[in-house]
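In the working numbering, the protein residues as written are 13 to 85.
Shown next, in structure tokens, is the structure this report addresses.
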């Protein structure tokens, strides 16, 4: 059963180049967060949802994909 929007657990990603001014990058509303574009220096992760006392966030996987600089254009 898919969670309803009121009870869905969502992670949102914010990024910054200077560590002060953060901008929204994306969220896990559609299950997987994929970020494209330039890399940032600082990141913040925000959680929105309901956790029971026995629940916990157990795993976050980050898989960077390096840009290919030698592609023909």
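Note that CB positions come from ideal geometry on N, CA and C, so glycine has one too.
Helix, strand or coil at residue i according to DSSP, with G and I counted as helix
i: residue 76; result: coil
i: residue 38; result: strand
Reference residue i; option with closest CA among the options
i: residue 80; options: 54, 50, 60, 66; result: 50
i: residue 41; options: 66, 21, 47; result: 21
i: residue 45; options: 77, 82, 23; result: 23
i: residue 77; options: 59, 63, 47; result: 47
Residues of its chain near residue i, where Cβ-Cβ distance is below 6 Å and the 5 sequence neighbours each way are ignored
i: residue 31; result: 54
i: residue 27; result: 37, 52, 55
Contacting residues, own chain, Cβ-Cβ under 7 Å from residue i (five flanking each side not counted)
i: residue 34; result: 26, 27, 28, 56
Cα-Cα separation, residue i to residue j
i: residue 75; j: residue 65; result: 30 Å
i: residue 63; j: residue 69; result: 9 Å
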